[in-house]
Amino acid sequence: MYDLVIVGAGLTGGTLARCFAEAGRRVLVVEKRSHIGGNAYDEADDHGVLVHRYGPHIFHTNDEAVWKFLSRFTRWRPYTHRVLARVQDRLVPFPINRRTLVMLYGEEALNKGVKAFLDARRIPLAHPRNAEEQVLAAVGPELYEWFFRDYTRKQWGRLPRDLSPLVTARIPVRDNDDDRYFTDRFQAMPAEGYHAMFRRLFDHPNITVWLNTSWNDVSEEVHFRRLIYTGPIDAFFDHIFGPLPYRSLKFQWKHHEEPTVQPVATINEPAHPVFTRTTEFKHMTGQVHPGTTVVAEIPAADGDPYYPIPAPDTNDRRARYLAEASHLSAVRFFGRLGQYRYFNMDQVVAEALEGFRALRAEGW
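Each number in the numbering used here comes from the position in the sequence shown (counting from 1) with 837 added on.
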């Protein structure tokens, strides 16, 4: 008899499993993939280059509790993520900052400062209703077209005007030359990689992990008291309100027999007809290797679910599933897929830590 079954061996499932195991609970983790770590899984490719198999995952947080928790399972390699965007046949810093604008428009155009420059271009919209209006209100039509319109359409499979303003509101516009992608207090990568961190996270005598196992195939065989589900909430309920749409990713990998080929880890490709971005992992990992591997990301409608789509129609359906979930006393839903909500990695851990405390207070 297991006190708790957790479906999913990603960061959410791992955090919850560890917390409950340390509280004396016998935990079974069921994972359909052949590995732990969820989408943060990394491994050496055929050339020996450490890559993130499901696209780049950069850890950053301002939450000291999250940082301290994960620091129990890994040493850290300090890393500051920087991104360039290919716009007007040149590579410029992104998010947009003063230097970006100088490279595109010239120093003289910025002689009155970034705010004055953008004020002359913004479309005044006090309450943007969608992602398109949010960007137009922030930077105006030209920068919207260059940086956001086509990138967002490719990423989400919808026009920006059909998406929540929160999609683009997360991306700042800076009035200085700060070219860091994130500004969090803690920014680093696991020194030995994510997989090593996850191995330590799950390494506890009270945790049992079943890989290559679908919960639907074994749910009738396992004796347990309570369940935490980190997979897609609509799938758990057999899509009774219709499927929730997700965006997936496909990848094109290319190895180069030279130490490095990109000036930074990630290059956004807003104008490319297919790719959204390319990533060279050695910038992140610090690996010393004579060759390097770059991955190009191609968003897709089909495949493993990566991103819940934030839009009015999906929000309504999400609410119906969450209402249905509230009637289950011995089941809880966590994580990006379980909540159908976009989380950064640190937010996933924070949600799990807080959820653990709340569930313990309920007697779990």
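Where is the CB? At the ideal position from N, CA and C, for every residue including glycine. In this text, all values refer to a predicted model and were calculated from it rather than measured experimentally.
Cβ neighbours of residue i in the same chain (closer than 6 Å, five flanking residues each side left out)
i     : result
V903  : D1183, V1186, A1187
D987  : P1107
L1048 : E868, S871
E1095 : none
A1162 : F1170
R1022 : N899
Residue of the options minimising C-alpha distance to residue i
i     : options                    : result
G875  : L1038, T1129, Y1158, R1155 : L1038
A881  : I1135, P1009, W1090        : W1090
H1120 : V1111, V1132, F1112        : V1132
Q992  : A1137, R1169, Y1177        : A1137
P1142 : R959, Y1066, G1128, L1086  : L1086
V866  : N948, L887, V842           : V842
G1079 : D1150, G994, L1064         : D1150
A975  : T989, R990, P1002          : P1002
G1172 : R1157, A1156, A1160, A1189 : A1189
A1195 : T1045, G845, L853          : L853
T898  : Y1018, A858, Y981          : Y1018
Backbone secondary structure at residue i - three-state DSSP
i     : result
A1133 : strand
M1034 : helix
H1120 : helix
P1147 : coil
K949  : coil
N1013 : coil
I1104 : strand
W913  : strand
P997  : helix
Y839  : strand
F1061 : strand
Y1066 : strand
R1114 : strand
Limits of the unbroken beta strand (DSSP E) element including residue i
i     : result
I1044 : 1044-1047
P930  : 927-931
Y1083 : 1083-1093
E1057 : Note, E1057: premise wrong, no beta strand (DSSP E); not H, not E.
L941  : Run containing L941: none in the beta strand (DSSP E); it sits in the alpha helix (DSSP H), 935-942.
F896  : 896-898
Alpha-carbon spacing of residue i relative to residue j, whole angstroms
i     : j     : result
M940  : G950  : 14 Å
R919  : R966  : 30 Å
A963  : F985  : 20 Å
H1164 : I873  : 30 Å
R1036 : D879  : 12 Å
A957  : G851  : 49 Å
N910  : E1058 : Rather than Asn, the amino acid found at residue 910 in this sequence is Phe. Distance between the alpha carbons of F910 and E1058: 32 Å.
H1060 : W1201 : 16 Å
Y1066 : V1168 : 7 Å
R1062 : G977  : 55 Å
P961  : L973  : 8 Å
V888  : A946  : 41 Å
Y1031 : G847  : 11 Å
Q1024 : M1034 : 16 Å
T1115 : D1012 : 26 Å
7 Å Cβ shell around residue i - same chain, five flanking residues per side excluded
i     : result
R936  : P930, D1014, D1016
P1082 : I1146, T1151
Where the alpha helix (DSSP H) containing residue i begins and where it ends
i     : result
M1182 : 1182-1198
R1173 : 1172-1175
S871  : Segment: none, S871 is in no alpha helix (DSSP H) and carries neither H nor E.
A957  : Neither: A957 is in no alpha helix (DSSP H) and is coded neither H nor E.
Neighbourhood of residue i by C-beta, 8 Å cutoff - its chain only, sequence neighbours within 5 removed
i     : result
Q925  : L941, W983
I1135 : L1086, K1087, F1088, Q1089, V1111, F1112, T1113
P1069 : L1081, Y1083, P1142, L1174, G1175, Y1177
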